[in-house]
Amino acid sequence: NAGVTQTPKFRVLKTGQSMTLLCAQDMNHEYMYWYRQDPGMGLRLIHYSVGEGTTAKGEVPDGYNVSRLKKQNFLLGLESAAPSQTSVYFCASSYWYNQPQHFGDGTRLSIL
Amino acid sequence: AQTVTQSQPEMSVQEAETVTLSCTYDTSENNYYLFWYKQPPSRQMILVIRQEAYKQQNATENRFSVNFQKAAKSFSLKISDSQLGDTAMYFCAFLTQGGSEKLVFGKGTKLTVNP
Numbered sequence: 271n272a273g274v275t276q277t278p279k280f281r282v283l284k285t286g287q288s289m290t291l292l293c294a295q296d297m298n299h300e301y302m303y304w305y306r307q308d309p310g311m312g313l314r315l316i317h318y319s320v321g322e323g324t325t326a327k328g329e330v331p332d333g334y335n336v337s338r339l340k341k342q343n344f345l346l347g348l349e350s351a352a353p354s355q356t357s358v359y360f361c362a363s364s365y366w367y368n369q370p371q372h373f374g375d376g377t378r379l380s381i382l
Numbered sequence: 606a607q608t609v610t611q612s613q614p615e616m617s618v619q620e621a622e623t624v625t626l627s628c629t630y631d632t633s634e635n636n637y638y639l640f641w642y643k644q645p646p647s648r649q650m651i652l653v654i655r656q657e658a659y660k661q662q663n664a665t666e667n668r669f670s671v672n673f674q675k676a677a678k679s680f681s682l683k684i685s686d687s688q689l690g691d692t693a694m695y696f697c698a699f700l701t702q703g704g705s706e707k708l709v710f711g712k713g714t715k716l717t718v719n720p
């Protein structure tokens, strides 16, 4: 019963490096989301997807790109990492937009 | 734009007592959904309770219940018989019905349950 799985769990990058965070869900959910969580803040939506092959911008999309080539996977990319992107990243999925979102365990990303 | 405000950054309660966490929101919509999520130290976000705005009856889930006041745009969470495992960050979240799939979170309330 995996639910939502995020890889990796921790990562340290240097400024300017690129990387991809992977989110996989096994619940056949249509909707998937990427959030970032910073100290003293709630979660803020980066990008989301309403189905395979679709993506849309959230509240803080700058500096990130996403892809949803397969229904079960949602990838978050940082093309040129910046220290301001140091954060904890959460992926979530839901059956439909108004249904509860199921979250992964998060990825702690540090940009030096 | 919708906003969610949690006015209590931190709260504490004694084990077995009752505590209420406040949440207010700002919207011009009539139909929407409200959620409370819990984030324990393990970091995983867990759904506590969900309320549909068109339902007047307050949602309950075991020891967790809400006081939904639509006119006042208030959505407080009551935890009865608090347990040590309730220690966590609690986030209130708002979602409009249709037109936007974006869940808007408050900044959270850190709840500590003391033995």
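If you read the protein sequences in the order shown, they are chains A and B. Counting in this note's numbering, the first sequence runs from 271 upward without gaps. Counting in this note's numbering, the second sequence runs from 606 upward without gaps. C-beta atoms are modelled at their ideal positions from N, C-alpha and C, and glycine is treated no differently.
My understanding is that residue i touches residue j, with C-beta atoms under 8 angstroms, so please give their C-beta distance in whole angstroms.
| i | j | result |
| --- | --- | --- |
| A/L292 | A/N368 | Incorrect: roughly 26 angstroms between the Cβ atoms, too far for contact. |
| B/K678 | B/T629 | 6 angstroms |
| A/Q307 | A/L313 | 5 angstroms |
| B/T714 | B/P646 | About 15 angstroms; that fails the 8 angstroms criterion. |
Quick one, which of the options has its alpha-carbon nearest residue i's?
| i | options | result |
| --- | --- | --- |
| A/L283 | A/E349, A/G323, A/K341, A/Y305 | A/E349 |
| B/V671 | B/T623, B/F710, B/A606 | B/T623 |
In angstroms with no decimal places, state the Cα-to-Cα distance between residue i and residue j.
| i | j | result |
| --- | --- | --- |
| B/S612 | A/G333 | 31 angstroms |
| B/T717 | A/G323 | 43 angstroms |
| A/S364 | A/F373 | 9 angstroms |
| B/K675 | B/S633 | 11 angstroms |
| A/S380 | A/T325 | 25 angstroms |
| A/G286 | A/G347 | 13 angstroms |
| A/E300 | A/L382 | 35 angstroms |
| B/Y659 | B/S627 | 20 angstroms |
| B/F710 | B/Q656 | 15 angstroms |
Excluding the 5 residues flanking residue i on each side, which residues of the same chain have their C-beta closer than 7 angstroms to its C-beta?
| i | result |
| --- | --- |
| A/T277 | L292 |
| B/M650 | Y642, Q644 |
| A/K331 | A small fix is needed here, since residue 331 of chain A is Pro in this sequence, not Lys. Cβ neighbours of A/P331 beyond the five flanking positions: I316, H317. |
| A/N335 | G347, E349 |
Give me, in chain order, the residues of the same chain whose beta-carbon lies closer than 8 angstroms to that of residue i; leave out the 5 immediate sequence neighbours on both sides.
| i | result |
| --- | --- |
| B/L708 | F640, A698, F699, L700 |
| B/N719 | S617, V618, Q619, E620 |
Residues from the segment 296-325 of chain A in contact with chain B, defined by Cβ distance under 7 angstroms | Cβ contacts with chain B come from Y301, G310, M311, G312, L313, L315, Y318, V320.
Select from the segment 360-378 of chain A all residues with a C-beta closer than 7 angstroms to any C-beta belonging to chain B, and list them in chain order.
-> For chain B, the residues of the segment 360-378 of chain A that bring a beta carbon within less than 7 angstroms of one of its beta carbons are F360, Y367, N368, P370, Q371, F373, D375, G376, in chain order.
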